[in-house]
Structure formats: C-alpha cells, structure tokens
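One structure is given here, and the rest of the page talks about it.
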Amino acid sequence: MSMIKTVLMDYDSTLHDMDKAMEVKLDGILEFSGKKLYKMWVYEIHRELIHQNYLEHHDDIMFHCRLLFKHLDKPFDEKIARKICKVFEKAKEEAKFEPVYYPDAIPSLEKLREGGFTICLSTGFDAKEKANTLEKRTGKKFFDYTFSESTLGMLKTEPEYYEQILENLDILPSETVSVGDTPLSDIRPARIVGIHTIWVNRVNEVKPNKQDQIADFEVKDLYEAVDIINSLR
219 MSMIKTVLMD YDSTLHDMDK AMEVKLDGIL EFSGKKLYKM WVYEIHRELI HQNYLEHHDD
279 IMFHCRLLFK HLDKPFDEKI ARKICKVFEK AKEEAKFEPV YYPDAIPSLE KLREGGFTIC
339 LSTGFDAKEK ANTLEKRTGK KFFDYTFSES TLGMLKTEPE YYEQILENLD ILPSETVSVG
399 DTPLSDIRPA RIVGIHTIWV NRVNEVKPNK QDQIADFEVK DLYEAVDIIN SLR
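Residues 219 to 451 (my numbering) are what the sequence shown spells out, left to right.
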C-alpha cells in the first residue's frame, strides 16, 4: 500500500459545526425544535430524497422546502419556505466569515501539518474564503490548496471532482485520503477513483445501505481520523 501524503478535508459538519448554527436558526419554524427540524432536513429530505432521487436539485433550497412540506403532509406555505431559504443563505455566509469550529478541528489540522501532510480544503462552496477565515483566526497556515465546485467546474458528488484534484496536484489516488461527513459527496465519488476514505460520523448516523457509499474507515471525530491517516503512512 502506498503511503498517504495528501489529505482532502471537508468543511461543513467536518471542521465547521454547521449543525449547531442551523439548529438555532430553525428553532420554532413549523412548530419544531431547531434540532428536530434540521435533523429531518438533513437525513429525511436532503440525504434520503435529494441524494437518491433529485440530485439535480442538490443546491435548490426551495425545492427542498417543497419536499419538506410534502413529507410533513402539510400544504406548501411560500412565506415559511422563504424564511427557511433565508436561514440557509445566512448560514452559508456565516460558514465563510463567522464559523464555529468543532473542538477537535484545529488540533487535528495542527497534527496533520506537523506530520508533513499536504492538506487540501475540498468542499462544495467558497473553499478559499473558508480557508482564509480559519487561518486568520488561528494565525496559522493549514491548507496548501483549496477546491470547490466553482473552481473545479463540477459537483462534489461526481467522481470527476476528485479526478480533477488528482490531475491538478499530479498525485496518486493511493496516496490520497478524503475525510468528511457526507457519504454521497465525501466518500462515494472518492472511492470510485481509488482514493482512501474516512467517514466522520459525529452523530452516530446509520451506515448507508449502498455499498459504494461505505467508507474504508468510520470515526466519531477528527482525532480518530488523524490516527488512521498516520497509520496509513
């Protein structure tokens, strides 16, 4: 087995505590607690319906809202839907400029940097801005490269996203590992092109029922992920 040299690190819900931010903002909408509504949104709407049946609407929040109302067997309320859309837009901006990091995020990046790994921030949106904010806050340079869908010209759910990274950096998939929380975008497409994969399952989510979405390794936090990466050297 080749040694791991390059780490592709996801951002939202891997480094950045997106869940906490969303739970606060969604609290009380449709008479649900923010925690319950966001969990429903992520697992029952986004991953179960969007990922499996409507991938072309992956980033369409209003379409998600329509599915949410249908899932709840409620008549569609455009006013509430627009409110939800605004919540997500605000959270998207805060992820770039006012993020809340998991306690293990910075220490784990420090360990990877000390280990001499090439660290890339690979995410859907605004990778450069997110990297800049994290590095300004810590006063440390962590990321050697940043990749997002707009810079690569393809969705993170597609193998081509990862193929392009490998080509851009002139690296081998066997020397690369993808670390993230979302099986469909952080695990499946990376596995297809031969990249090692680590699923960060912070909330004890049930394993995907599709074999191609099951990671090589599953961890509960980034500390465990770093230990695995070091063991693959």
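Every residue gets a Cβ at the ideal spot worked out from N, C-alpha and C, and that includes glycine.
Beta-bridge pairing of residue i - partner residues as DSSP gives them
i	result
S396	L226 and T415
H234	D230 and Y319
T341	Answer by DSSP bridge pairing: none, since T341 is not bridged.
F365	S340
E385	DSSP output for E385 lists no bridge partner at all.
V437	V418
Whether residue i touches residue j by CB criterion (8 Å)
i	j	result
A239	V318	yes
E481	F343	Nothing can be reported for residue 481: it is not among the residues displayed for the chain, which extend from 219 to 451.
N422	G333	no
L233	Y320	yes
C338	D362	yes
V418	D399	yes
I302	I263	no
D237	D404	no
Residue i versus residue j - alpha carbon distance
i	j	result
I446	E436	10 Å
E378	N386	12 Å
R265	L384	27 Å
H269	T364	24 Å
K428	L255	25 Å
E347	G357	15 Å
R406	F294	33 Å
Y261	S231	13 Å
E381	L285	32 Å
A309	D439	22 Å
V242	E312	13 Å
K314	H276	20 Å
K288	L402	23 Å
N271	Q431	15 Å
S326	S251	32 Å
I416	C283	30 Å
V305	M280	12 Å
E307	R451	40 Å
D278	R355	31 Å
E316	T341	17 Å
I298	K292	12 Å
E328	K253	31 Å
M372	L290	32 Å
N350	R420	25 Å
Buried versus exposed, by CB contacts within 10 Å (16 or more), residue i
i	result
L273	exposed
E296	exposed
Y441	exposed
E249	exposed
V444	buried
K374	buried
D235	buried
Could you say if the segment 361-378 and the segment 388-395 meet the contact criterion of at least three C-beta pairs nearer than 8 Å? No, the segment 361-378 is not in contact with the segment 388-395.
For the segment 222-238 against the segment 379-391, are there 3 or more C-beta pairs whose distance is under 8 Å? yes
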